[in-house]
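*Asks:*
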Amino acid sequence: MQRVSFEVKDTEAEKSSSEILSGSLPSTYRNPAMENVGNAVDDGSSVKNNPKLDMQKQNGLVKWFKKCLTMVSGESKAPRLDRSKSTAGQALKGLKIISKTDGNAAWTVVEKRYLKITANTDGLLLRSKFGECIGMNSKEFALELFDALARKSHLKGDVITETELKKFWEQINDKSFDSRLITFFDLMDKDSDGRLTEDEVREIIKLSSSANHLSCIQNKADEYAAMIMEELDPDHMGYIMMESLKKLLLQAETKSVSTDINSEERKELSDMLTESLKPTRDPNHLRRWYCQLRFFVLDSWQRVWVIALWLTIMAILFAYKYIQYKNRAVYEVLGPCVCLAKGAAETLKLNMALILLPVCRNTITWLRNKTRLGVFVPFDDNLNFHKVIAVGIAIGVAIHSVSHLACDFPLLIAATPAEYMPLGKFFGEEQPKRYLHFVKSTEGITGLVMVFLMVIAFTLAMPWFRRGKLEKKLPGPLKKLASFNAFWYTHHLFVIVYILLVLHGYYIYLNKEWYKKTTWMYLAVPVALYAYERLIRAFRSSIRTVKVLKMAAYPGKVLTLQMSKPTNFKYMSGQYMFVNCPAVSPFEWHPFSITSTPQDDYLSVHIKALGDWTEAIQGVFSEVSKPPPVGDMLNGANSPRFPKIMIDGPYGAPAQDYKKYEVVLLIGLGIGATPMISIIKDIINNTETKEQLSQMEKGSPQEQQGNKETFKTRRAYFYWVTKEQGTFDWFKNIMNEIAERDKSKVIELHNHCTSVYEEGDVRSALIRMLQSLNYAKNGLDIVAGTRVMSHFARPNWKNVYKQIAMDHPGANVGVFYCGAPVLTKELRQLALEFTHKTSTRFSFHKENF
1 MQRVSFEVKD
11 TEAEKSSSEI
21 LSGSLPSTYR
31 NPAMENVGNA
41 VDDGSSVKNN
51 PKLDMQKQNG
61 LVKWFKKCLT
71 MVSGESKAPR
81 LDRSKSTAGQ
91 ALKGLKIISK
101 TDGNAAWTVV
111 EKRYLKITAN
121 TDGLLLRSKF
131 GECIGMNSKE
141 FALELFDALA
151 RKSHLKGDVI
161 TETELKKFWE
171 QINDKSFDSR
181 LITFFDLMDK
191 DSDGRLTEDE
201 VREIIKLSSS
211 ANHLSCIQNK
221 ADEYAAMIME
231 ELDPDHMGYI
241 MMESLKKLLL
251 QAETKSVSTD
261 INSEERKELS
271 DMLTESLKPT
281 RDPNHLRRWY
291 CQLRFFVLDS
301 WQRVWVIALW
311 LTIMAILFAY
321 KYIQYKNRAV
331 YEVLGPCVCL
341 AKGAAETLKL
351 NMALILLPVC
361 RNTITWLRNK
371 TRLGVFVPFD
381 DNLNFHKVIA
391 VGIAIGVAIH
401 SVSHLACDFP
411 LLIAATPAEY
421 MPLGKFFGEE
431 QPKRYLHFVK
441 STEGITGLVM
451 VFLMVIAFTL
461 AMPWFRRGKL
471 EKKLPGPLKK
481 LASFNAFWYT
491 HHLFVIVYIL
501 LVLHGYYIYL
511 NKEWYKKTTW
521 MYLAVPVALY
531 AYERLIRAFR
541 SSIRTVKVLK
551 MAAYPGKVLT
561 LQMSKPTNFK
571 YMSGQYMFVN
581 CPAVSPFEWH
591 PFSITSTPQD
601 DYLSVHIKAL
611 GDWTEAIQGV
621 FSEVSKPPPV
631 GDMLNGANSP
641 RFPKIMIDGP
651 YGAPAQDYKK
661 YEVVLLIGLG
671 IGATPMISII
681 KDIINNTETK
691 EQLSQMEKGS
701 PQEQQGNKET
711 FKTRRAYFYW
721 VTKEQGTFDW
731 FKNIMNEIAE
741 RDKSKVIELH
751 NHCTSVYEEG
761 DVRSALIRML
771 QSLNYAKNGL
781 DIVAGTRVMS
791 HFARPNWKNV
801 YKQIAMDHPG
811 ANVGVFYCGA
821 PVLTKELRQL
831 ALEFTHKTST
841 RFSFHKENF
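Heads up: the sequence shown is residues 1 to 849, going by full-length UniProt numbering.
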């Protein structure tokens with residue numbers, strides 16, 4: 001398609017624009033209604049009554065046309081402006097502006113603005129005032145939009161009536177895909193010839209892929225443009241019609257938003273489900289609170305009974321000590337303060353013992369795997385319980401410290417000799433006269449040092465420090481405090497704390513008999529168990545030094561390591577292990593989900609650079625070997641200088657229980673997909689094994705029954721949501737393997753790229769069309785590069801739950817999530833909502849490390 005292109009400097013463009021608006025063009029370009037506007041069009045000046053001004057504007061118009069002819073003849077040295085860049089780019093940008101326009105504004109608001117603006121123009125709205133009238137901030141695009149809508153309505157000139165404005169307004173606020181697509185092409189087709197050349201198609205692809213942050217599509221724009229031309233220009237005319245491209249886009253979008261609802265019965269079920277999910281509010285407050293409490297207990301009964309038992313035991317211990325000291329002589333001098341201090345101390349002993357149990361990972365893993373305690377004990381919440389106990393310790397320390405420092409010690413100093421005499425055997429025969437006497441005692445020093453170390457460990461364990469959220473806000477020397485390393489090292493101060501705690505308990509006031517000094521009794525078993533676990537870790541890691549077999553570097557700073565598998569290393573999909581690299585730090589162990597399956601003869605992990613240690617290990621591996629091409633494995637046999645790696649594990653995780661559910665919903669955000677990758681591979685392996693067993697006539701009934709009990713999963717839905725297109729390379733080969741091996745269609749894979757505008761948005765329509773064409777032709781998705789079709793933007797999680805509830809009524813669905821905490825609340829709430837209001841039960845589990 002031959003087309004004339006112009007490049008005019010901004011000042012010239014503004015000048016010519018003003019000339020056009022002022023009426024310098026022939027009358028054929030003007031709306032007849034303009035004749036009624038008169039002076040209003042020229043802002044108070046009359047062209048007809050001013051021959052001199054008329055002549056100046058005509059001369060300006062002649063100069064303007066001469067400049068255009070000069071450009072056409074090639075005499076201008078200015079570069080030619082690519083028509084596709086100016087139109088397609090502006091059209092895509094314009095759609096973004098339209099999407100931000102407040103579509104909820106009522107027509108009445110626009111109408112009021114219209115009446116105010118056109119008060120002096122006989123009810124005609126000027127083109128220059130269109131943006132102001134509809135409330136659009138971008139005046140430049142408002143003019144482009146006005147012209148496009150005018151061309152569509154076959155209107156000429158730069159004024160419109162109220163009826164025409166209303167028609168424009170309705171089209172602007174029609175957010176349907178069809179309407180947006182029509183607007184997009186109207187903005188592009190400025191001369192109304194409806195043609196696009198291959199160069200223009202290529203440029204549109206580049207602009208669309210750039211707007212959606214899809215670099216790989218941008219790099220293959222030539223290939224995809226040729227594919228579209230082959231589809232729509234079979235006669236090799238050199239151009240395609242916009243109408244043909246529009247139909248192709250609509251066809252692709254219709255396919256992308258189509259659903260499996262193919263019967264009236266299913267549609268009725270969907271409507272009924274939607275109706276049942278509508279929020280209702282019981283007017284009776286008591287009944288509403290009862291229902292909420294009932295649902296909470298039903299959903300969280302495991303947590304409820306554990307927390308209730310813990311609180312009950314603490315209350316009993318506190319009350320026991322309070323009553324005990326209230327009946328002693330010391331109460332006459334120190335009053336309730338000593339009772340509070342001793343009651344809090346007793347709860348502290350309990351909590352300092354309990355806080356070690358949730359981090360005894362080997363013990364928890366054994367109990368999870370070998371016993372049925374998991375039915376009653378919420379092992380998934382071990383770290384949450386660890387944090388809850390820490391809060392209990394903080395409260396106990398505060399009560400105990402304040403009671404002693406602010407009350408007991410001052411009262412002892414102020415006591416009369418007669419009052420102090422019965423207490424002399426506990427605090428010394430000579431009554432202390434100075435506060436420092438208590439502070440510098442063994443009890444005082446050990447207590448204050450413990451409090452100091454606890455404050456440090458507790459503070460740096462907060463998410464703001466542990467996750468590095470405060471790093472940018474802290475001054476230079478303190479930036480390292482906001483890191484996982486600071487949390488990890490300061491948390492090991494607990495060794496000193498426990499030593500001081502035993503000393504503090506041994507030199508305790510008011511008790512001299514050894515059997516009444518019960519601190520060591522509380523701590524003996526938990527400390528011994530924890531010490532045993534640490535010894536086991538040290539022993540296992542020393543004999544489980546694995547060899548790195550392969551490594552690969554992927555976009556998004558992800559390092560993949562394939563390691564040799566120790567002989568006795570038995571694990572389940574969904575579990576994790578700790579990794580140590582002495583070249584980075586001989587002391588630090590970090591947890592990573594195992595991405596290989598139990599059937600593989602190797603172990604693999606994916607490490608994303610998110611902190612000091614993960615960045616350091618990537619640096620170490622990059623130093624000993626040149627980074628391989630993206631996604632290509634580098635063999636360890638060819639790189640004997642790979643750093644030494646030690647592992648410890650495996651450890652139990654919530655995701656390992658997926659086999660208990662017939663239907664599972666697996667959700668991974670970014671690198672959070674790692675445990676799910678192992679699970680979907682394991683599902684395929686188990687499904688194939690089950691099919692082979694069912695086809696074999698050998699196998700005893702007992703063997704078949706055993707397999708049935710250990711593996712119940714019949715259907716799996718995997719949703720992987722990631723921000724960048726390049727991250728799909730992390731598991732590209734695995735996705736292709738799953739798509740090829742899943743003959744029974746047990747697993748439904750959904751890859752979502754959030755950098756792309758959602759499906760149904762015109763700005764991603766071209767990408768969707770290319771995706772459909774390329775998949776039909778080559779069987780590959782252009783976004784992920786796999787055999788699995790990708791989706792755009794974030795999933796509508798409510799629709800995901802709804803679809804599963806419709807497909808599996810009465811089923812118990814296991815929902816397993818690994819990713820940022822931001823999505824946890826929504827997924828858990830939806831699981832509760834659908835469990836309460838449908839026949840399908842959703843059990844939500846979140847990974848915790």
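Note that CB positions come from ideal geometry on N, CA and C, so glycine has one too.
Per DSSP, Lys570 is paired with what?
*Replies:* Answer is none; Lys570 lacks a bridge partner.
*Asks:* By alpha-carbon positions, which one of Val375, Val110 and His750 ends up nearest to Tyr719?
*Replies:* Checked all of Val375, Val110 and His750; the closest Cα to Tyr719 is His750.
*Asks:* How would you label Leu436, buried or exposed, when you count the other beta carbons within 10 angstroms and need 16 or more for buried?
*Replies:* Leu436 comes out exposed.
*Asks:* Return the CA-CA distance between Ser541 and Met646, expressed in angstroms with no decimal places.
*Replies:* C-alpha separation (whole angstroms): 6 angstroms.
*Asks:* Thinking just about the alpha-carbon of each residue, which of Phe487, Gly619, Lys798 and Ala415 is nearest to the one in Trp464?
*Replies:* Nearest C-alpha to Trp464: Phe487.
*Asks:* Buried or exposed for Leu561, going by 16 or more other Cβ atoms inside 10 Å?
*Replies:* Its Cβ being crowded by 16 or more others within 10 Å, Leu561 is buried.
*Asks:* Given Ala225, which residues of its chain have a CB within under 7 angstroms of its CB, disregarding the five upstream and five downstream residues?
*Replies:* Same-chain partners within the cutoff: Glu198, Val201, Arg202 and Ile205.
*Asks:* Which term fits Met462, buried or exposed, when burial requires 16 or more other beta carbons within 10 angstroms of its beta carbon?
*Replies:* Exposed, since its Cβ has fewer than 16 Cβ neighbours within 10 Å.
*Asks:* Is the beta carbon of Cys360 sitting closer than 8 angstroms to the one on Leu529?
*Replies:* Contact flag set, yes.
*Asks:* Which two residues bound the contiguous beta strand (DSSP E) that contains Pro650?
*Replies:* Counting along the chain, the beta strand (DSSP E) containing Pro650 begins and ends at Ile645 to Tyr651.
*Asks:* Please go through the same chain and pick out, in chain order, the residues whose beta-carbon is closer than 8 angstroms to the beta-carbon of Ser401, but skip the five residues on each side of it.
*Replies:* Gly447 and Val451, listed in sequence order.
*Asks:* Quick one: residues in its chain with C-beta nearer than 7 angstroms to the C-beta of Pro809, no 5 flanking neighbours on either side, listed in chain order?
*Replies:* Within the same chain, Pro809 has close Cβ partners Ser839 and Thr840.
*Asks:* Output the distance between the C-alpha atoms of Met314 and Ile671, rounded to the nearest integer angstrom.
*Replies:* Spanning the two alpha carbons is a distance of roughly 40 angstroms.
*Asks:* What are the boundary residues of the alpha helix (DSSP H) that includes Phe834?
*Replies:* First-last of the alpha helix (DSSP H) with Phe834: Thr824 to Lys837.
*Asks:* For Pro32, collect the residues of the same chain with a Cβ closer than 6 angstroms to its Cβ; drop the 5 residues on either side in sequence, then sort them by chain order.
*Replies:* Note on Pro32: pLDDT 37, under 50, position unreliable in the model; the coordinate value appears next. Nothing meets the Cβ criterion.
*Asks:* If I'm right that Leu549 touches Ser564 with Cβ under 8 angstroms, what's the distance once you round it to whole angstroms?
*Replies:* Leu549 to Ser564, Cβ: 6 angstroms. Contact.
*Asks:* Buried or exposed: Cys291, going by 16 or more other Cβ atoms within 10 Å of its Cβ?
*Replies:* Burial call: exposed.
*Asks:* To which residues does DSSP link Val201 through a beta bridge?
*Replies:* Paired residues: none, contrary to the question.
*Asks:* Mapping the DSSP letters down to three states, classify Ala553 as helix, strand or coil.
*Replies:* Three-state DSSP puts Ala553 in a strand.
*Asks:* Just reading off the alpha helix (DSSP H) that Ala457 is part of, what are its end residues?
*Replies:* Looking at the DSSP string, the run of the alpha helix (DSSP H) that includes Ala457 is Thr442 to Leu460.
*Asks:* Tell me, please, which residues DSSP counts as bridged to Gly131.
*Replies:* Per DSSP, none; premise fails for Gly131.
*Asks:* Where do the N-terminal and C-terminal ends of the beta strand (DSSP E) with Trp720 fall, by residue?
*Replies:* Per DSSP, Trp720 belongs to the beta strand (DSSP E) from Arg715 to Thr722.
*Asks:* Would you check if the stretch 482-498 and the stretch 414-429 touch, i.e. whether three or more CB-CB distances between them fall below 8 angstroms?
*Replies:* Verdict: no, contact absent.
*Asks:* Closer than 8 angstroms is the cut-off here; do at least three beta carbon pairs connect the stretch 375-385 with the stretch 302-312?
*Replies:* With a cut-off of 8 angstroms, the stretch 302-312 and the stretch 375-385 count as touching, because enough Cβ pairs lie within range.
*Asks:* Taking the beta strand (DSSP E) that Gln562 falls in, what are its first and last residues?
*Replies:* Segment Val558 to Ser564, the beta strand (DSSP E) holding Gln562.
*Asks:* Can you confirm whether the stretch 795-814 touches the stretch 823-837 when touching is taken to mean that 3 or more C-beta pairs between the two stretches lie within less than 8 angstroms?
*Replies:* With a cut-off of 8 angstroms, the stretch 795-814 and the stretch 823-837 count as touching, because enough Cβ pairs lie within range.
*Asks:* Measure the C-alpha to C-alpha separation of Ala609 and Lys139 and round it to an integer number of angstroms.
*Replies:* So the alpha carbons of these two residues sit roughly 44 angstroms apart.
*Asks:* Spatial neighbours of Lys15 within its chain, please: CB distance less than 6 angstroms, with the 5 preceding and 5 following residues excluded, ordered by chain position.
*Replies:* Bear in mind that the predicted position of Lys15 carries a pLDDT of just 37, short of 50, making it unreliable; the figure below should be weighed with that in mind. Closer than 6 angstroms at Cβ, skipping near neighbours: no residue.
*Asks:* Pull up the distance between the alpha-carbon of His845 and that of Ile172, whole angstroms please.
*Replies:* Rounded to whole angstroms, His845 to Ile172 spans 44 angstroms at the Cα level.
*Asks:* Give the single residue among Asn362, Thr163 and Leu669 whose Cα lies nearest to the Cα of Trp730.
*Replies:* It is Leu669 whose Cα lies nearest to the Cα of Trp730.
*Asks:* Does the beta-carbon distance from Tyr576 to Ser593 come in below 8 angstroms?
*Replies:* A contact, by the Cβ cut-off of 8 angstroms.
*Asks:* Please work out which residues of its chain come closer than 7 angstroms, Cβ to Cβ, to Phe834, disregarding the five sequence neighbours upstream and downstream, and give them in chain order.
*Replies:* Hits under 7 angstroms: Tyr801, Ala805, Thr840 and Phe842.
*Asks:* With Glu429 as the anchor, note down where its alpha helix (DSSP H) starts and where it stops.
*Replies:* Neither: Glu429 is in no alpha helix (DSSP H) and is coded neither H nor E.
*Asks:* Run the CB neighbour count on Asp601, radius 10 Å, all protein chains shown included, and call it buried at 16 or more, exposed below.
*Replies:* Answer is exposed; the Cβ neighbour count stays below 16.
*Asks:* Below 8 angstroms on the Cβ atoms is my guess for Arg741 versus Ile684; work out the distance and round it to an integer in Å.
*Replies:* About 5 angstroms separates the two Cβ atoms, so the contact holds.
*Asks:* Could you please give the first and the last residue of the uninterrupted beta strand (DSSP E) stretch that includes Lys846?
*Replies:* First-last of the beta strand (DSSP E) with Lys846: Arg841 to Lys846.
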